[in-house]
Every structure is written in C-alpha cells, then in structure tokens.
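In the numbering used here, the protein residues as written are 19 to 307.
Below you'll find the structure, written out as structure tokens, and then a few comments.
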Ligand code: NAP
C-alpha cells in the first residue's frame with residue numbers, strides 16, 4: 019500500500035453496505051505476499067448506480083471487482099461472459115476486466131469446496147441437509163451436486179425458494195436426488211451425514227439463535243458446517259459439538275473464495291504455503307478484533 023505508483027492496478031469490492039468488509043485485508047495481504055503491484059479498496063455503490071459503477075470501473079481500467087449484497091444477481095446483465103458455475107448458482111461475486119470484455123465468476127463455491135476439503139469433509143455418497151436457500155445455500159448446493167452426494171434435503175423458511183433452487187439444480191444435474199422438507203420433517207430423517215447451515219440465524223449479534231436445536235438430529239451428524247463466521251462458533255455449531263460432531267465455520271469459505279478471485283485476476287496460483295501463512299494472519303486479524 020505504501021508503494022503505489024503509476025503501474026499500480028486497482029481492484030475493489032462493490033456493494034451496499036461494504037463498511038464491514040474483510041476483503042481489502044485479504045487481497046492486500048496476498049498482494050504483499052505475492053509481490054503484485056495492486057491496491058484493493060471498498061466501493062460503496064448506492065442502489066440505482068450499479069450500471070454506471072461497472073461501466074466506470076471498466077473505463078478507469080480497473081482489473082477486477084468483487085460483488086456483494088445486494089448486487090450479485092443484478093450485475094449479471096452488465097457482463098459479456100459468465101462462467102458455468104456462476105450460471106448454475108445464478109449469481110456473480112467476481113468480475114474481471116480483460117481485453118475489452120467483462121467476465122463474471124462465482125468463487126463462493128470454489129471457496130466453500132476448498133475450505134471443506136482442507137478439513138477432510140467428503141461429499142461423494144453422503145446424505146446432506148442444507149438449511150436455507152439464499153446465496154450461500156446456492157453455492158453450497160452446487161458443490162454438493164457437482165461432487166456427487168447421494169442425497170440433498172433442502173429446508174428453508176420460504177418453501178418456494180427451496181423449490182426454485184431444487185428445480186435449478188435438477189436442470190443442471192438431472193440425476194441429482196434432492197427433496198424439499200420443512201424443519202419438522204427434516205428432524206425425522208434417520209440417516210444424515212452433514213448439515214450445512216446457510217441461513218443468517220445465529221449471526222452476531224443474535225448469537226443465541228439456532229435454526230435447529232434438537233440434539234437428537236444433531237447427534238446423527240458426522241459434520242456440522244455453518245456459513246457464518248461471526249461468531250466463530252455459532253449456537254448451531256456449539257450444540258452439534260456437544261454431541262461429538264465435527265464442526266466447521268464459514269471463515270474458510272470467505273477466505274478461499276478470495277484466493278480463487280485473486281488467482282483469476284492475476285493469472286497466478288498462490289503457493290499452498292503462502293495460502294496457509296496468510297490464513298493464519300487473517301484468522302488472527304478477524305478474531306482478535
Ligand atoms: P440470503 O441470500 O439473504 O439468504 C438468507 C437465508 O437465511 C434465506 O434462506 C432466509 O430464508 C434465511 N433466513 C434469514 N432469516 C431467517 C429467519 N429468521 N428464520 C428462518 N430463515 C431465515 O443470504 P446469504 O448470502 O445466503 O447469507 C446467509 C448467511 O451466510 C449469512 O450469515 C452470511 O453472512 C453467510 N455467508 C457466508 C459466506 C462465507 O463466505 N462464509 C458467504 C455468503 C454468505 P428465506 O428465504 O425464508 O428468507
């Protein structure tokens with residue numbers, strides 16, 4: 019950051035709000051570690067200004083943007099090419115300005131997959147439950163489908179959204195075994211390997227809330243995974259842990275989606291050693307604040 023000069027490339031997060039973001043910390047950390055001349059900053063874009071923001075970013079020769087709430091879907095109409103993964107998920111979180119074109123990607127799925135594989139979660143042949151049907155659920159469901167789980171149970175407060183997600187997934191993965199269940203019916207399912215909690219229930223400051231509190235259900239699991247990373251251990255995770263279930267929070271998903279975005283923009287592969295070193299610094303930064 020102290021070495022900005024005439025060749026520095028600019029990147030940044032477009033959203034509303036963006037004031038809470040940790041992406042500048044991560045990307046500027048990678049830039050230092052990889053010795054790349056760039057700067058990553060937050061861009062607060064008011065509703066109604068997304069199109070001029072994207073056109074302006076291209077005109078100003080930005081290298082790329084991350085896109086966050088509420089623009090991940092809306093931004094798709096302003097792009098020239100969208101990769102398959104982003105089409106399945108129906109949202110773009112990373113755009114790349116390259117050779118006069120704007121390319122869109124969704125790196126949440128790759129981030130979630132890498133974070134899961136790092137701790138030893140296996141997908142193939144597993145019976146899984148996904149709570150929620152929003153952006154995080156779509157990315158996680160796509161990974162489950164792509165990695166050949168045996169069965170997905172999808173549960174969401176608004177049933178129509180779960181049905182819509184089921185239909186989208188079945189369009190892209192016709193062999194996928196997927197059912198929509200309400201919370202009461204889900205609790206009665208006898209065999210369950212992994213439960214992915216992707217609702218915003220339990221997120222700071224509502225740390226005592228959990229979409230599922232039934233220990234009988236949680237005790238069946240091998241893994242409980244939460245997309246939330248603040249707090250580091252949600253009520254859902256702590257209840258599952260009390261039953262001897264292995265747990266994973268959402269910090270890795272957030273971090274590894276940034277790794278993938280960085281690699282797309284700069285055309286590099288960050289060595290595993292640097293990824294692990296930066297992750298340790300990032301974890302310390304997040305949880306010591
Ligand atoms: P979203 O698209 O707005 O979806 C929110 C989901 O939570 C919906 O399924 C919604 O159900 C459900 N929900 C919210 N309040 C609820 C309540 N009181 N009772 C029952 N269900 C409720 O949000 P998102 O982007 O998927 O984010 C969801 C969570 O994942 C957030 O905590 C976010 O921070 C986290 N996340 C983490 C990462 C990461 O990298 N770790 C990435 C993305 C998101 P309805 O459909 O019924 O409204």
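Quick reminder that beta carbons are idealized off the backbone N, C-alpha and C, glycines included.
Should residue 82 and residue 39 be called a contact, given that it needs their Cβ atoms to be closer than 8 Å? In the chain shown, counting from the first residue as 1, residue 82 sits at position 64. In the chain shown, counting from the first residue as 1, residue 39 sits at position 21. Going by C-beta atoms, residue 82 is not nearer than 8 Å to residue 39.
Taking residue 276 as the reference, give the member of 245, 156, 41 and 197 with the closest Cα. Stepping through the chain shown from its first residue, residue 276 is reached at position 258. Nearest of 245, 156, 41 and 197 to residue 276, Cα basis: 41.
For the ligand NAP, I want to know if residue 103 counts as a neighbour, meaning its beta carbon is within less than 7 Å of at least one of the ligand's heavy atoms. Residue mapping note: residue 103 aligns to position 85 of the chain shown, counting from 1. Not under cutoff, so the answer is no.
Cutoff 6 Å; reference residue 292; Cβ partners in own chain excluding five residues on either side: Numbered from 1 along the chain shown, position 274 holds the residue referred to as residue 292. Here the set comprises 51.
Report buried or exposed for residue 260, applying the criterion of at least 16 other Cβ atoms within 10 angstroms of its Cβ. By one-based count along the chain shown, residue 260 stands at place 242. Exposed.
Those runs of the beta strand (DSSP E) which lie wholly inside the segment 127-195 and span at least 3 residues: 145-149 and 169-173
Return helix, strand or coil for residue 233, following the three-state DSSP convention. The residue you call residue 233 lines up with position 215 of the chain shown. It is helical.
Is the distance from the Cβ of residue 258 to the Cβ of residue 216 below 8 Å? As a first step, residue 258 must be located in the chain shown, where it is residue number 240. As a first step, residue 216 must be located in the chain shown, where it is residue number 198. In this structure, residue 216 does not lie closer than 8 Å to residue 258 by Cβ.
Helix, strand or coil for residue 290, going by three-state DSSP, please let me know. Working through the chain shown from its first residue, we reach residue 290 at position 272. The answer is helix: DSSP assigns residue 290 an H, G or I state.
Cβ atoms of residue 99 and residue 66: under 8 Å apart, would you say? Working through the chain shown from its first residue, we reach residue 66 at position 48. Working through the chain shown from its first residue, we reach residue 99 at position 81. The Cβ atoms of residue 66 and residue 99 lie no closer than 8 Å to each other.
For the alpha helix (DSSP H) holding residue 275, just list the boundary residues, first then last. On the chain shown, position 257 is the one that residue 275 refers to. Element bounds for residue 275: 269-284.
Count the other CB atoms, across all protein chains shown, that sit within 10 Å of the CB of residue 305; report buried if there are 16 or more and exposed otherwise. As a first step, residue 305 is located in the chain shown; it is residue number 287 there, counting from the start. By the 10 Å Cβ count, residue 305 comes out exposed.
Would you mind listing the alpha helix (DSSP H) stretches within the segment 63-113 that are 4+ residues and don't spill past its ends, in chain order? 68-77 and 102-107
Is there a Cβ of chain D sitting closer than 8 Å to that of residue 160, yes or no? Among the chains in the structure shown there is no chain D, since it carries only a single protein chain.
Nearest candidate by alpha-carbon position, reference residue 76, set 92, 91 and 97: Counted from its first residue, the chain shown places residue 76 at position 58. Checked all of 92, 91 and 97; the closest Cα to residue 76 is 97.
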